[in-house]
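Numbering (our numbering), first residue to last: 549 to 1419.
A virtual CB, placed ideally from N, CA and C, is assigned to each residue, including glycine.
Report on the following structure.
This is the structure in structure tokens:
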């Protein structure tokens, strides 16, 4: 280098031009290689894009096929195995699905009993992979390359199992694809010439090939197929099955639930196309570079003399004087023009600016000191959490707001590694955030939890920057209260949504139970009258008794549905929960499995509750039976405990649908078991109607329990984890005072009614059976099918003593009819009948002066109890 620098400037410039020319040529050659790499990447990208397009098209196609086959499982003709009708349906679907070549229905023994295309002879598919996979897995499954037995063409088939009511495979629905439609995909894309596309099955058999087509049905080269099995997608360069060097890209295609792909997609582009694309720019660049180098050398010889060498000489003489201390000398008088002239002017101003720069430096240092004091004041007085840390995780400096937020003194926090104070669940995310900060220089809105001095954790939201080096500047805020408020709001929204769903289902359940009771009225009444009218030795007695028992069970189901709707309260009074549990203990012990032990733990001086004792007994029975089923055949304990609690809002937030549950004193019924417990998914559905984890049962027990508790203005809290047992806490509002006990009138046998009674009901079956019952009791009877007819009959017959009136009727309902009857005769005795409960009806007709109420379905004995006090 020293020898080079000792040469003349002109010689140095020529050598530099030559070196630049050589370097530029190397750059051109090197740069030519990079476009070639880019062309290779482009070829790989085009190949992968084509493979991905086929992959996506295949996924969309199979999703539609799976949906189509799933829909077939609901077709009545498929369920009945009506081959002719199913053939017609499959043929129609085939016309609407051009990408599907055939649709089949296969029996579990492999016999094809329906096909969209005609079959020349009976065919059995028992050995086909798609058929066996669908039978074994019970889900949509893929096949392998075969020559279709119906089409006699290469095909890839997919099977979908159709299950019967017991969950067994009834049939396998099959969609067959011939994979000949991908020619259009190649034609629609602007791809290099000789681009090839291959589809292979899981064994490496070529299902489709556009070039050459004769590869279809043959095995792929083992090394190529092995390269595609390494990852879900990728690219590589290799010779194809025809020996041509190609850039190849592939995608694996999976079915949901299958571990290995059912298809491989490979797209290939010739490397010859890459070589031709990158060689033309290289030759053009070399030619242009040669011309530029020659022109540059000629110009450099001329310019170096006039613009550089002469002026450098003059500048050298001037700088010698300035270096000697002569700051009054000006070189710009001898050197003018161009960059060298500017350099001379800079030398001229150097001495003049020297004293000015020194003064300015002193002034800047004073200003920096003042600004530092201002920043310290802001740092120390800010309400935000400000800190300076290093990337190793240690606090270097913190402002006093940290002491307020975390409760630790600043000297305890300074030098502390902040990762040691982060919640264990947030350490990994915090480390990742620091890595992002080191990489990007900034993070915003990152939240983690920091340890507080009282042992709790506070949620801190960060905005941090890393300007240079290992220093981090952080600004943060305590957002714990904000997060808790948002979580509480989200929980409330979820509860309101679930409450609306339960209310809607409750209205539906109540309506069904009402209509159901009308039907049961006719069944139970006719059975009871028939038993009264035939001899005890009649062979029909047993049948009639079974009809009555079945009707009673159906009525119990209706009452459960009314209980779920929250409208199942009958007779409300002050109830001693301890006494109720003691009376039920023997029945509870008989209801649970023999390996389960029931224990009572009753709180002394337990307040009474205002409730329907029968329905509270149903709640206890449902909870205990549920606990027994959770224990199963193994041994375990069921603990029934009573407590007196004062519940505040924080405790009631744990309740199931606590929207309308006020704070106050509650009586708690706690049922705990040592059974299998529940996961979060089961807990979220435990009170849904018709949800059950058993093979038997209707799934109404726990739904009715929730309805009864809601009807009593109570709440339920559920604690359960898998394999940890379950605990149900039922809260009932404590009664303010004890209720007076009412004596139940003695039952009179063979009671007979007198006078005329008007029966009003829109259900003909109810009118018929009620008429027979009333005539059996000795009443003179008039009947009406609606409220308007009832008004007319009542006006025309002043001797009517009692009106048995249905609440729910078209045109004029029972409530309006009652008002009109009382207008005609204010002292009229009206007994209201309804499928709804007495509590709901009396609330609806509050102040209407009813003489009595009877709930459908009712027996003759219930009719006597309702009419005896007034008729």
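Rounded to the nearest whole angstrom, the C-alpha separation of residue 978 and residue 1009 is 12 Å.
Bridge pairing for residue 816: 744 and 796 [DSSP]. Around the CB of residue 1372, fewer than 16 other CB atoms lie within 10 Å, so the residue is classed as exposed. Around the beta-carbon of residue 1134, fewer than 16 other beta-carbon atoms lie within 10 Å, marking it exposed. By the criterion of a C-beta distance shorter than 7 Å, residue 637 is surrounded in its chain by 623 and 625, once the five residues flanking it on both sides are discounted. Secondary structure at residue 1193: strand, using DSSP grouped into helix, strand and coil. Beta-carbon to beta-carbon, residue 1066 and residue 1404 are separated by about 6 Å, close enough to satisfy the 8 Å threshold.
Within the stretch 1261-1346, the complete beta strand (DSSP E) segments of 3 residues or longer fall at 1263-1268, 1274-1281, 1304-1308 and 1328-1332, listed in chain order. Secondary structure at residue 1011: strand, using DSSP grouped into helix, strand and coil. Beta-carbon to beta-carbon, residue 964 and residue 943 are separated by about 5 Å, close enough to satisfy the 8 Å threshold. Apart from sequence neighbours up to five positions away, the residues of its chain that approach residue 1408 with a beta-carbon distance below 6 Å are 1076 and 1321, ordered along the chain. Residue 1183 and residue 721 have their C-alpha atoms roughly 46 Å apart. Exclusion of the five residues before and after residue 770 leaves 752 as the residues of its chain whose Cβ lies within less than 8 Å of its Cβ.
Of 765, 746, 762 and 760, the smallest CA-CA separation from residue 772 is found for 746.
Spanning the alpha carbons of residue 619 and residue 666 requires a straight line of approximately 22 Å.
In the three-state DSSP reduction, residue 956 falls in the coil class, being neither helix nor strand. Assignment of residue 964 by DSSP, reduced to helix, strand and coil, places it in the coil class. According to the DSSP assignment, residue 636 belongs to the alpha helix (DSSP H) that extends over 631-644. DSSP lists 721 as the beta-bridge partner residues of residue 708. Annotation: the continuous alpha helix (DSSP H) that includes residue 1372 extends over 1362-1372. The beta carbon of residue 1347 is closer than 6 Å to those of 1304 in its chain, skipping five residues each way along the sequence. Between residue 1362 and residue 1127, the alpha-carbon positions lie close to 40 Å from each other. Counting of Cβ neighbours within 10 angstroms places residue 818 among the buried residues, the total reaching 16 or more. Residue 1283 is positioned such that its CB atom lies no closer than 8 Å to that of residue 1308. Under a 10 Å Cβ-count criterion, residue 844 is classified as exposed, with fewer than 16 other Cβ atoms of the shown protein chains found around its own Cβ. With respect to the C-alpha of residue 632, the residue from 647, 617, 644 and 652 having the closest C-alpha is 652. Cβ contact annotation for residue 664 (same chain, cutoff 8 Å, sequence separation greater than five): 635, 638, 639, 641, 642, 650, 651 and 652, in chain order. Between the C-alpha atoms of residue 1060 and residue 1193 there is a straight-line separation of about 37 Å.
Short of 7 Å from the beta carbon of residue 1300, and not among the five residues preceding or following it, lie these beta carbons of its own chain, in chain order: 1325 and 1326.
Here residue 674 has 658 as same chain residues with Cβ atoms under 6 Å from its own Cβ, once five neighbours each way along the sequence are excluded.
Around the Cβ of residue 966, a 10 Å sphere holds 16 or more other Cβ atoms; the residue is buried. Ranked by Cα distance from residue 1360, the options 647, 1350, 1272 and 1332 are led by 1332. Per DSSP, the unbroken alpha helix (DSSP H) holding residue 982 starts and ends at 975-988. Note: residue 679 is not bridge-paired with any residue in the DSSP secondary-structure output. Of the residues assessed, residue 776 falls on the buried side of the cut-off, its CB having 16 or more other CB atoms within 10 angstroms. With fewer than 16 neighbouring CB atoms inside 10 Å of its own CB, residue 1082 falls in the exposed class.
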